[in-house]
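So the protein sequences, as listed, match chains C and W. For the first sequence, our numbering assigns the number 344 to the initial residue and increments by one for each residue that follows. For the second sequence, our numbering assigns the number 22 to the initial residue and increments by one for each residue that follows. Don't be surprised by glycine CBs; every beta carbon is placed ideally from N, CA and C.
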Amino acid sequence: QQQVKQSPQSLIVQKGGISIINCAYENTAFDYFPWYQQFPGKGPALLIAIRPDVSEKKEGRFTISFNKSAKQFSLHIMDSQPGDSATYFCAASIHGYQKVTFGIGTKLQVIP
Amino acid sequence: SQTIHQWPATLVQPVGSPLSLECTVEGTSNPNLYWYRQAAGRGLQLLFYSVGIGQISSEVPQNLSASRPQDRQFILSSKKLLLSDSGFYLCAWSPGTQNTEAFFGQGTRLTVV
Numbered sequence: 344q345q346q347v348k349q350s351p352q353s354l355i356v357q358k359g360g361i362s363i364i365n366c367a368y369e370n371t372a373f374d375y376f377p378w379y380q381q382f383p384g385k386g387p388a389l390l391i392a393i394r395p396d397v398s399e400k401k402e403g404r405f406t407i408s409f410n411k412s413a414k415q416f417s418l419h420i421m422d423s424q425p426g427d428s429a430t431y432f433c434a435a436s437i438h439g440y441q442k443v444t445f446g447i448g449t450k451l452q453v454i455p
Numbered sequence: 022s023q024t025i026h027q028w029p030a031t032l033v034q035p036v037g038s039p040l041s042l043e044c045t046v047e048g049t050s051n052p053n054l055y056w057y058r059q060a061a062g063r064g065l066q067l068l069f070y071s072v073g074i075g076q077i078s079s080e081v082p083q084n085l086s087a088s089r090p091q092d093r094q095f096i097l098s099s100k101k102l103l104l105s106d107s108g109f110y111l112c113a114w115s116p117g118t119q120n121t122e123a124f125f126g127q128g129t130r131l132t133v134v
């Protein structure tokens, strides 16, 4: 059962454009939503995270938008650069619960 | 600061051979530990997680097993590898007291031939 649905699975964006990755969750007990960035041959690394008590969090060119009522959250990458080309995973977890649930991942390619 | 070490980085093993992948975490105590597998172009599949020494939960029935002989050591094993065991294996940890994000090792690329 996929508890966190992520789309699209692949995305091609031109340099300078906006990359948008969407995730939806089912379990309303989730209370922490991290995003991970993974380069080929490497482990995923935490990129940015949000809690459901805020609707938006911005760090540099990366912004998470969170819609609690719709049970959706998204990652926006502004002014996308070729160095942003990677696989991005959204995730969700519950305080005090051992497992982090990941989305299927989005392979982003930023072309010059 | 906390660090996670996973080795080896790459491994080529024949079908039917045993497997042992090791992961250690430094700079924290009583972490939650995880083994994930990532097939080519696919998402992260949770294989095992552990909340303490000797405590292993299996997520997916398979040819693999996990053990946690020490607080910060997590081992993934197989007695006889199958071709389908090929993949990218990732160890991860999260704080035991407050589970937020997971921190990943650099991964092991396993090719079973």
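Whole runs of the beta strand (DSSP E) within the segment 35-101 of chain W, excluding any shorter than 3 residues: As far as the segment 35-101 of chain W is concerned, its whole beta strand (DSSP E) runs of at least 3 residues are 40-47, 53-59, 66-73, 76-79, 86-91, 94-99.
For C/Ile447, go through chain W and note every residue whose CB falls closer than 7 Å to its CB, in chain order. Taking the first residue of the first sequence as position 1, residue 447 of chain C is located at position 104. For C/Ile447, the chain W residues whose Cβ falls inside 7 Å of its Cβ are Gly64, in order along the chain.
Consult DSSP for C/Pro331 and reduce its assignment to one of helix, strand or coil. Since the first residue shown for chain C is 344 and the last is 455, residue 331 of chain C is missing from the structure and cannot be characterised.
Euclidean distance between Cα positions of C/Ala392 and W/Phe109: In the first sequence, counting from the first residue as 1, residue 392 of chain C sits at position 49. In the second sequence, counting from the first residue as 1, residue 109 of chain W sits at position 88. Here the alpha carbons of W/Phe109 and C/Ala392 stand approximately 25 Å from one another.
Is there a Cβ of chain C sitting closer than 9 Å to that of W/Arg130, yes or no? Counting from one through the second sequence, the residue named residue 130 of chain W turns up at place 109. Yes - at least one Cβ of chain C is within 9 Å of the one on W/Arg130.
Does the beta-carbon distance from W/Leu7 to W/Ala87 come in below 9 Å? This structure does not reach residue 7 of chain W, given that chain W is present from 22 up to 134, and the question cannot be answered.
Interface residues of chain W around C/Phe409 at Cβ under 7 Å? By 1-based counting over the first sequence, the position of residue 409 of chain C is 66. Here the premise fails: no neighbours, minimum Cβ distance about 16 Å.
If we ignore side chains and look at the alpha-carbon of each, how far apart do W/Leu32 and W/Gly126 end up? Residue 32 of chain W sits at position 11 when you count from the first residue of the second sequence. Residue 126 of chain W sits at position 105 when you count from the first residue of the second sequence. Between W/Leu32 and W/Gly126, the C-alpha separation is close to 16 Å.
Hey, is the segment 402-412 of chain C in contact with the segment 436-450 of chain C, meaning 3+ C-beta pairs nearer than 8 Å? Taking 8 Å as the limit for Cβ pairs, the verdict is that the segment 436-450 of chain C does not touch the segment 402-412 of chain C.
Taking Cβ to Cβ, would you say W/Pro52 is nearer than 9 Å to W/Ile74? Along the second sequence, read from residue 1 onward, the residue named residue 52 of chain W stands at position 31. Along the second sequence, read from residue 1 onward, the residue named residue 74 of chain W stands at position 53. Not closer than 9 Å, so no.
Apart from the five residues just before and just after C/Lys411, which ones in its own chain have a Cβ nearer than 6 Å to its Cβ? Here residue 411 of chain C corresponds to residue number 68 of the first sequence, with the count starting at 1. The residues are Pro395.
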